[in-house]
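Take a look at the structure below.
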Amino acid sequence: MTTEIFSEFQSEDITDAMLAEAAQLFSEHYGVWGTPPPGRQGGKPGSRVKLSGPRLRSQYLPAGARCSYVSVTVDGTLAGNAFACRWYYQEGRQVCWVTQLVVHRDYRERRLATRLLEKLRETDDEIFGIMSSHPAACIAISKACADFAFPHVPLEFAREHAAAVMAGSPIAYVKDAELRGSLFSMPSDEAGDLVSGVDSNFFVDHEEPLAALAWLQEEAFWPLGNLPDGHEFLLVFESSRRRRSRSLSRGRHRQVSGTS
1 MTTEIFSEFQ SEDITDAMLA EAAQLFSEHY GVWGTPPPGR QGGKPGSRVK LSGPRLRSQY
61 LPAGARCSYV SVTVDGTLAG NAFACRWYYQ EGRQVCWVTQ LVVHRDYRER RLATRLLEKL
121 RETDDEIFGI MSSHPAACIA ISKACADFAF PHVPLEFARE HAAAVMAGSP IAYVKDAELR
181 GSLFSMPSDE AGDLVSGVDS NFFVDHEEPL AALAWLQEEA FWPLGNLPDG HEFLLVFESS
241 RRRRSRSLSR GRHRQVSGTS
């Protein structure tokens, strides 16, 4: 019998202890640094990308921003988490931007990423976004929040609105990201065959994402193009408002049990 507990918190309820645990999950299970090109900076190639609790708070939970955090434990082990930030765009349309999504390597392929994002979603969310080097993260947010399914991704909204949506973000790395890809008529030598992405100057090793990407492209399941070093895929879309149970109220837990 496996016991899963999903927990949801708003910014003001997120403790330093939670962030320390979240930082450990990220540092142990997110990825490793790749090799940056000459003139670009990154971490030591082959070493794990690490994040501290204080840096999590300053970069993902900036003062005055409306942010939230969802985690899932499996038999007492932190198996995954997600951070999101919300702001308004054009006539009060609420944006929900997933700023971090991590799943423990021993608990992947259990739909935990999709279920975490389902818990993050609120009734008034109308626009969703994510920047990620991993195709699985983009697919997870589409399953949790979109009216479409891969590979049938409507890219028109991103083409017309991504820049303005991101410009309003309280999260610096989202606001400052540079759009790249043929969708935005912003190709570059570095971007190659990228369709929708950003130059994030984040040179994480792409071995695992590229393996997943190769399979998706072979199955004609991937419309966002190739992934150059130092870039991330960008998915921005609008979706119908959806009602869901708010049994996961602020800071409270709901326990879901199953067999494995």
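For the sequence shown, counting from 1, position 80 maps to 80 in the UniProt record's numbering; every step adds exactly one.
The beta-carbon is built from N, C-alpha and C at its ideal position, and this holds for glycine as well.
State buried or exposed for residue i, treating a residue as buried only when at least 16 other CB atoms are found within 10 Å of its CB.
i: proline 209; result: buried
i: proline 45; result: exposed
i: methionine 131; result: buried
i: aspartate 125; result: buried
i: proline 228; result: buried
i: glutamate 12; result: exposed
i: alanine 82; result: buried
i: phenylalanine 6; result: buried
i: methionine 166; result: buried
i: tryptophan 215; result: exposed
i: phenylalanine 26; result: buried
i: serine 58; result: exposed
i: aspartate 75; result: exposed
i: arginine 180; result: buried
i: methionine 1; result: exposed
i: aspartate 205; result: buried
i: arginine 55; result: exposed
i: methionine 18; result: buried
i: arginine 105; result: exposed
i: arginine 121; result: buried
i: alanine 164; result: exposed
i: glutamate 238; result: buried
i: threonine 73; result: buried
i: serine 185; result: exposed
i: residue 273; result: This structure cannot speak to residue 273, because the chain is shown only from 1 to 260.
i: leucine 211; result: As written in the sequence, residue 211 is alanine, which differs from the leucine given in the question. Exposed, by the Cβ-count rule.
i: alanine 177; result: buried
For the alpha helix (DSSP H) holding residue i, just list the boundary residues, first then last.
i: valine 174; result: 172-175
i: methionine 166; result: 156-167
i: methionine 18; result: 16-29
i: serine 58; result: 53-60
Pop quiz: residue i and residue j are said to be a contact at Cβ under 8 Å. What is the actual Cβ separation, rounded to whole angstroms?
i: glycine 92; j: leucine 116; result: That pair is no contact at about 26 Å.
i: leucine 78; j: glutamate 21; result: 6 Å
i: cysteine 85; j: isoleucine 141; result: Wrong, their Cβ atoms sit about 14 Å apart, outside the cutoff.
i: residue 282; j: isoleucine 127; result: Residue 282 falls outside the range modelled here, since the chain spans only 1 to 260, and no answer is possible.
i: leucine 183; j: alanine 158; result: 6 Å
i: glutamine 24; j: serine 68; result: In fact, because the Cβ distance is near 20 Å, the residues do not count as touching under 8 Å.
i: glutamate 8; j: lysine 143; result: Incorrect: roughly 18 Å between the Cβ atoms, too far for contact.
i: tyrosine 89; j: glycine 168; result: 6 Å
i: alanine 162; j: leucine 234; result: 7 Å
i: glutamine 241; j: threonine 123; result: At residue 241 the sequence reads arginine, which differs from the glutamine that was named. About 6 Å; that satisfies the 8 Å criterion.
Of all Cβ atoms in chain C, is any one closer than 8 Å to the Cβ of residue i?
i: aspartate 106; result: Absent from the structure is chain C; it holds one protein chain and no more.
Can you tell me where the beta strand (DSSP E) with residue i in it begins and where it stops?
i: glutamate 208; result: That residue, glutamate 208, is in no beta strand (DSSP E); its alpha helix (DSSP H) goes 207-218.
i: serine 133; result: Per DSSP, serine 133 belongs to no beta strand (DSSP E) and is neither H nor E.
i: serine 7; result: 2-10
i: aspartate 199; result: 197-199
i: valine 236; result: 231-238
i: arginine 40; result: No beta strand (DSSP E) contains arginine 40, which DSSP labels as neither H nor E.
i: arginine 180; result: 178-180
Can you confirm whether the stretch 85-101 touches the stretch 190-203 when touching is taken to mean that 3 or more C-beta pairs between the two stretches lie within less than 8 Å?
no
Contact between the stretch 58-67 and the stretch 127-143 (3+ Cβ pairs under 8 Å):
no
Just to confirm the assignment: which complete beta strand (DSSP E) runs, minimum length 3, are found wholly within the UniProt domain "N-acetyltransferase" (64-122)?
66-74, 77-89, 93-103
Does the stretch 201-219 come close enough to the stretch 103-115 to have 3 or more Cβ pairs within less than 8 Å?
no
Would you be able to state if there are at least three C-beta pairs under 8 Å between the stretch 147-156 and the stretch 36-45?
no
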